[in-house]
Every structure is written in structure tokens, then in C-alpha cells.
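Each residue of the sequence shown is one higher than the one before, starting from 0 at the first, in numbering that gives the first Met the number 0.
Structure, as C-alpha cells:
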Amino acid sequence: MLDGSGSPARRLDVAVSNGRIVAMAASIMERGTEEIDARGMTVAPGFIDIHSHGDGGLRDDPRMESVIRQGITSIVVGADGSSRFTGDPANSFDTWAERTNTLRPSVNIASMIGLGTVRGAVVGEADRSATAAEMARMTAMVERAVSEGACGASSGLEYTPGAFASESELVALCRPLSARGLSYATHMRNEDDQLLESIDESVAVARGARCGLQISHLKQQGTRNWHKIDACLARLTVARAEGIAAWFDVYPYVAYATGLTNLFPTWSRDGGDAAFLARLADSATATRIRQEALAKVELIGGWDNVQISRVARAEDRDAEGKRLGTWAASRQQDPYEAAVGLLRRNNTDVGMLGFAMSEDNLDRLLAHEFSMVCSDGGGFAIDGPTRRGSPHPRGAGTFPRVLGRYVRERRALSLEQAVHRMTARPASRVRLKDRGLLAVGLAADIVVFDPATVSDTATFANPFQYPAGIVHVIVNGYWSLRSGERPGEGSGRVLRVAT
Ligand SMILES: [Zn+2]
Numbered sequence: 000m001l002d003g004s005g006s007p008a009r010r011l012d013v014a015v016s017n018g019r020i021v022a023m024a025a026s027i028m029e030r031g032t033e034e035i036d037a038r039g040m041t042v043a044p045g046f047i048d049i050h051s052h053g054d055g056g057l058r059d060d061p062r063m064e065s066v067i068r069q070g071i072t073s074i075v076v077g078a079d080g081s082s083r084f085t086g087d088p089a090n091s092f093d094t095w096a097e098r099t100n101t102l103r104p105s106v107n108i109a110s111m112i113g114l115g116t117v118r119g120a121v122v123g124e125a126d127r128s129a130t131a132a133e134m135a136r137m138t139a140m141v142e143r144a145v146s147e148g149a150c151g152a153s154s155g156l157e158y159t160p161g162a163f164a165s166e167s168e169l170v171a172l173c174r175p176l177s178a179r180g181l182s183y184a185t186h187m188r189n190e191d192d193q194l195l196e197s198i199d200e201s202v203a204v205a206r207g208a209r210c211g212l213q214i215s216h217l218k219q220q221g222t223r224n225w226h227k228i229d230a231c232l233a234r235l236t237v238a239r240a241e242g243i244a245a246w247f248d249v250y251p252y253v254a255y256a257t258g259l260t261n262l263f264p265t266w267s268r269d270g271g272d273a274a275f276l277a278r279l280a281d282s283a284t285a286t287r288i289r290q291e292a293l294a295k296v297e298l299i300g301g302w303d304n305v306q307i308s309r310v311a312r313a314e315d316r317d318a319e320g321k322r323l324g325t326w327a328a329s330r331q332q333d334p335y336e337a338a339v340g341l342l343r344r345n346n347t348d349v350g351m352l353g354f355a356m357s358e359d360n361l362d363r364l365l366a367h368e369f370s371m372v373c374s375d376g377g378g379f380a381i382d383g384p385t386r387r388g389s390p391h392p393r394g395a396g397t398f399p400r401v402l403g404r405y406v407r408e409r410r411a412l413s414l415e416q417a418v419h420r421m422t423a424r425p426a427s428r429v430r431l432k433d434r435g436l437l438a439v440g441l442a443a444d445i446v447v448f449d450p451a452t453v454s455d456t457a458t459f460a461n462p463f464q465y466p467a468g469i470v471h472v473i474v475n476g477y478w479s480l481r482s483g484e485r486p487g488e489g490s491g492r493v494l495r496v497a498t
């Protein structure tokens with residue numbers, strides 16, 4: 000048994016009753032109504048996915064199969080500046096929580112408030128600074144959300160309209176986090192050539208707001224930026240020395256996933272989708288957009304490092320899962336024109352994967368003392384309405400992949416370190432006080448896996464495959480996965496940070 004604290008494994012019996020862990024001892028004599036023989040297996044706290052997009056498909060399929068089958072028992076959503084509630088009285092954390100609980104999700108769900116969502120609701124899609132009155136409204140929305148139980152605030156500074164927030168706006172909106180010991184999680188303004196400047200900005204926001212910091216999915220995009228890993232980690236170490244609780248999360252893949260619009264400069268997306276498409280059609284701006292987009296594609300190594308993951312229109316389905324360079328060539332098209340055509344026909348709703356990161360850096364990031372594991376993925380089932388497109392395999396593979404590939408095969412970190420980065424560490428960052436550890440009195444969120452066989456099977460070519468070696472998963476004391484099979488209804492619920 001690994002208790003999640005990072006301590007070495009111990010051989011213990013664990014007893015659960017009424018959703019809680021009620022006893023842990025070398026040998027519990029009392030018999031249970033149900034018993035699991037976990038000899039040869041690892042028993043650990045259920046994994047906590049600190050950066051998840053599981054809020055997206057929840058309503059379509061609350062079973063969250065791809066999540067539960069990784070051993071995840073709690074997800075933290077509202078990531079990248081985007082939450083399902085604005086913090087307004089009419090669309091509050093409370094109303095979202097009520098609605099979500101009626102879906103009977105199979106995992107627990109905590110949510111941050113998305114600062115991009117807040118800006119969109121108050122300022123709109125335009126690239127301008129917020130007025131004093133708008134600032135007051137936005138701050139009140141964040142304040143309300145965290146008072147109702149939101150577990151932090153997130154930004155997505157590569158996405159519009161979140162990108163139009165200045166550093167001082169972010170500082171002001173994060174101030175309500177400070178008194179509650181919550182953190183600011185940020186998908187930074189840039190993850191390639193301006194990576195270090197973006198880390199400086201993130202640290203400055205946490206410093207100004209006196210709150211904790213979580214850099215979301217830390218990475219170094221583009222071969223020419225891989226060496227910046229040392230400077231990234233050094234900056235976070237300096238922030239720590241200054242008293243800032245700086246952390247980061249990371250997913251175990253060398254490709255990222257985003258919207259295809261992300262290859263295009265932020266300024267070209269000012270005003271929303273219609274304005275973006277109009278600029279693409281305008282010869283004066285189209286040339287400049289093309290130059291900047293081509294520079295971005297070159298940075299990540301060319302059009303075949305771009306894979307189309309999702310399109311809105313059925314007529315473009317054949318692009319899904321294809322490398323853009325190869326797909327365009329098969330149609331005798333210029334790849335840039337093919338990309339623009341896809342965006343036009345799909346009203347900008349096109350997803351992409353970018354193969355741009357370093358495997359060696361991944362080993363170091365996962366092993367680093369400030370790191371947590373995140374999937375950055377959504378939830379789906381291979382047999383349901385959420386089976387769509389050709390998504391990033393991280394949505395089904397992340398946690399088993401860390402345990403199999405990075406612990407067992409590459410030995411980048413130990414099993415107890417990995418489990419700690421998946422359990423107690425994220426629980427403490429989002430203040431889920433009774434989760435993330437196996438200890439008497441805490442919630443019975445438990446995973447049982449086989450350390451010798453646990454592995455991911457989802458790939459970039461075939462993402463709809465569940466992992467191997469995750470045997471049992473228990474959420475709030477109820478079976479969520481039993482010998483690899485899913486029983487009935489979900490036992491997860493919305494988690495609120497106690498205030
Ligand atoms: Zn992100």
C-alpha cells in the first residue's frame with residue numbers, strides 16, 4: 000500500500016465503511032461484507048487529475064469511462080481560463096454544482112473559476128482593457144465563486160478573450176484567492192519563444208495577488224526552446240525562495256492538443272471567430288497572418304507535426320487523425336491553404352495536436368520536486384456519444400502511462416514519488432482536505448493496480464483504448480471499477496473547498 004504521502008510502501012489492510020476509511024492495520028480480523036484480495040497489487044489513494052477538461056463531455060456521458068479506468072477518482076476542471084459558470088448570481092458555482100450532481104458522475108469534480116469565462120461575460124470578445132466598473136464586477140464574480148467552493152482561478156492566456164487580460168487585471172482578479180489559500184493556475188501566454196517571459200508574468204501575478212501558483216502543463220515547445228527547461232525550473236525555484244507556493248503540472252506526452260486557431264496570432268483573433276475569418280479573407284491582413292502562422296508551424300517542425308484531432312463538419316471527417324502536411328498533399332493543396340479552408344468550413348471549430356516537445360525534458364519535469372501529473376484531457380467512453388474525432392491519447396492514457404512508461408520502464412521517478420504527484424500533492428494544492436491520502440477518517444477514494452503490468456494503450460493513431468492494469472477503483476466508498484468492469488451508477492460528486 001502506498002498512502003500517497005510519498006513514503007515507501009507498507010503491507011496493510013484497509014477497511015472502508017460509509018464512504019470513509021475506518022481502519023488501517025497490519026491485519027484487520029473483522030470480516031467485511033465485501034473483501035478485495037490485493038496481494039501483489041498496489042493500493043493507493045484514487046488519483047486526482049489536477050488539470051482536466053472532463054467538464055466538457057460530462058453532460059453527454061457522465062460515466063467518464065476514460066477517466067475512471069485510469070484510476071482517477073477526482074478531477075479538477077475549469078482549466079485554461081474556461082469554467083462552466085461565470086460566478087454571476089444567475090450562473091454561479093452553486094447552480095453548476097447542483098446541475099452536475101444530478102448527472103451522478105462517476106468521479107468527484109472540483110472546479111476552478113475560469114478568468115477567460117469571467118472576462119467574456121463582462122467585457123466580451125474585444126481586445127481592450129476592462130473599465131473600473133467591469134473590474135469590480137469581475138472581482139465580485141471570482142469572490143462569489145470561491146466563497147461557494149471553487150478551488151482556485153485559472154487563466155488561458157493563449158485563448159481569446161482570456162488573452163486580452165493584462166497582468167494587473169489578473170492580479171486584481173486573483174486577490175480573492177489569497178485569504179483562502181487557493182492558487183492561480185495558468186495556461187501561460189506563450190509556451191515557446193516567450194516561455195521565460197511568460198513564467199515571469201505568472202510569478203508576478205501570484206506575487207501581486209499573494210496567492211499560490213500552478214503553471215499548467217509546463218512544456219518547452221519547439222526544438223530551439225527545449226534547453227529552456229533549466230531556466231524554467233530555476234525561475235520557479237527563485238519564486239519559492241521568495242515565499243511563493245509555485246508548482247506545475249505536466250502530462251506524459253511529447254505532443255500538445257489545442258484548437259487549430261492557436262497556430263494563428265492572438266491579434267488576428269481579436270473580436271471572436273467572425274472577426275478572425277474576416278481578417279483571413281482580407282488581403283491586407285491575410286499576408287501578415289500567414290507569415291506569423293507559418294513561423295509558428297516552422298517552430299514546431301513543419302506541417303506534419305500538426306495532426307487534426309477534430310472537425311465540426313461531417314464532410315471534413317477524413318482529416319481527423321491525419322498529419323496536416325500529408326493530408327494536404329493527398330489533396331494537392333498547399334498546407335496553409337488547407338488549414339485555412341478547414342477553419343473556414345468549420346467556422347474555426349477544428350482541433351489539433353502539435354508534436355513539439357522533448358522526451359528527455361518530460362523525464363525531468365515528471366521527476367521534479369514541484370511537479371504534479373495532469374491529463375489535460377476530457378472524459379469519454381469508447382462506446383458512447385463522447386467518442387468523437389481523433390483526440391489526444393492523454394484522455395485515456397495519462398496516469399497508467401506515467402506508472403508504466405515513466406516509472407517502470409524509463410525509471411524517471413519512483414512509484415511512491417509518482418503516486419504522491421497524483422494524490423496528496425494535488426489534493427493539497429486545491430485544498431481537498433479529506434482526499435489524496437489513505438488514512439483513517441478520510442474519504443474512501445481508492446485505486447488498486449498491478450505495478451507490473453499497468454500501462455496505457457491509447458495511441459495517437461488509436462486513442463479509443465482503455466489502459467491495462469487498473470483493477471479496482473472505489474469512489475466515496477462505492478465500486479466504480481471492479482475487476483476491470485464498470486458497475487452501475489456513479490458515486491462521484493462536486494467537491495467544494497471548505498470556507
Ligand atoms: Zn491548457
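Heads up, the beta-carbon is just placed ideally off N, CA and C, and yes, glycines get one too.
Since the model is a prediction, treat every value here as computed from it, not as a measurement.
Query                                                                                                                                                     : Result
Going by CA-CA distance only, name the one from Q464, L441 and L102 that's closest to A22.                                                                : L441
Closer than 7 angstroms: is that where the CB of S81 sits relative to any heavy atom of ligand 1?                                                         : no
Which of the three DSSP states is assigned to E484 in this structure?                                                                                     : strand
Going by C-alpha distance, which of R404, K321, R407 and T452 is nearest A460?                                                                            : K321
Could you check the C-alpha separation between G383 and V76 for me, to the nearest Å?                                                                     : 21 angstroms
Would you check if the distance between the CB atom of I469 and the CB atom of P390 is smaller than 8 angstroms?                                          : no
Which parts of the region 209-271 are runs of the beta strand (DSSP E), unbroken and 3 residues or longer, counting only runs that do not cross its ends? : 211-214, 245-249 and 254-258
Out of F354, R495, S357 and E241, which has the shortest C-alpha to C-alpha gap to V429?                                                                  : R495
Anyone know if the C-beta pair for V145 and L181 falls short of 8 angstroms?                                                                              : yes
In the DSSP assignment, what residue or residues form a beta bridge with Q306?                                                                            : R322 and L352
In chain order, what residues of the same chain lie with their CB nearer than 7 angstroms to the CB of P486, ignoring the 5 residues before and after it? : W478
In three-state terms, what does DSSP make of S153?                                                                                                        : strand
Need the endpoints of the alpha helix (DSSP H) that D48 sits in, please.                                                                                  : It is not in any alpha helix (DSSP H) - D48 instead sits in the beta strand (DSSP E) that spans F46 to D48.
In its own chain, which residues sit with a C-beta less than 7 angstroms from the C-beta of A208, not counting the 5 before and 5 after it?               : V170, C173, R174, L176, S177 and Y183
What are the boundary residues of the alpha helix (DSSP H) that Y335 is part of?                                                                          : P334 to R344
If we ignore side chains and look at the alpha-carbon of each, how far apart do A244 and G403 end up?                                                     : 29 angstroms
What is the DSSP secondary structure of S73, reduced to helix, strand or coil?                                                                            : strand
State yes or no: is the C-beta of G476 within less than 8 angstroms of the C-beta of N107?                                                                : no
Please name the residue, chosen from S73, V305 and T138, that lies closest to G508 on a Cα-to-Cα basis.                                                   : It is not possible to answer for residue 508, since the shown part of the chain is limited to 0 through 498.
Tell me the residue span of the beta strand (DSSP E) that contains T185.                                                                                  : S182 to H186
Taking DSSP as the reference, what is the three-state secondary structure of F448?                                                                        : strand
Can you check which of these residues, A254, L262 and C231, is closest to F247 by C-alpha distance?                                                       : C231
From H50 to R424, what does the alpha carbon distance come to, in whole angstroms?                                                                        : 13 angstroms
A273 to W266, Cα distance in whole Å?                                                                                                                     : 13 angstroms
Between which two residues does the beta strand (DSSP E) harbouring V13 extend?                                                                           : D12 to S16
Compare the C-alpha of G123 against each of R9, L437, A164 and R30 and name the closest.                                                                  : A164
Could you compute how far the alpha carbon of L212 sits from the alpha carbon of S153?                                                                    : 10 angstroms
Answer with buried or exposed for M28, where buried requires no fewer than 16 other C-beta atoms within 10 angstroms of its C-beta.                       : exposed
Cβ of H391 within 7 angstroms of any heavy atom in ligand 1?                                                                                              : no
Please tell me whether, using a cut-off of 7 angstroms, the distance from the CB of D375 to the nearest non-hydrogen atom of ligand 1 is below it.        : yes
Residues in its own chain within less than 7 angstroms of M421 by CB, not counting five upstream and five downstream?                                     : F46, I47, V372 and F398
What are the boundary residues of the alpha helix (DSSP H) that S110 is part of?                                                                          : First-last for S110: N107 to S110, but that is the beta strand (DSSP E), not the alpha helix (DSSP H).
With a threshold of 16 other CB atoms inside 10 Å of the CB of V439, please say whether the residue is buried or exposed.                                 : exposed
Measuring from the CB of S308, is there a heavy atom of ligand 1 at a distance below 7 angstroms?                                                         : no
Following a CB-centred definition, is H216 positioned closer than 7 angstroms to any heavy atom of ligand 1?                                              : yes
Could you check how far apart the C-beta atoms of S6 and E415 are, in whole angstroms? I think they sit under 8 angstroms.                                : 7 angstroms
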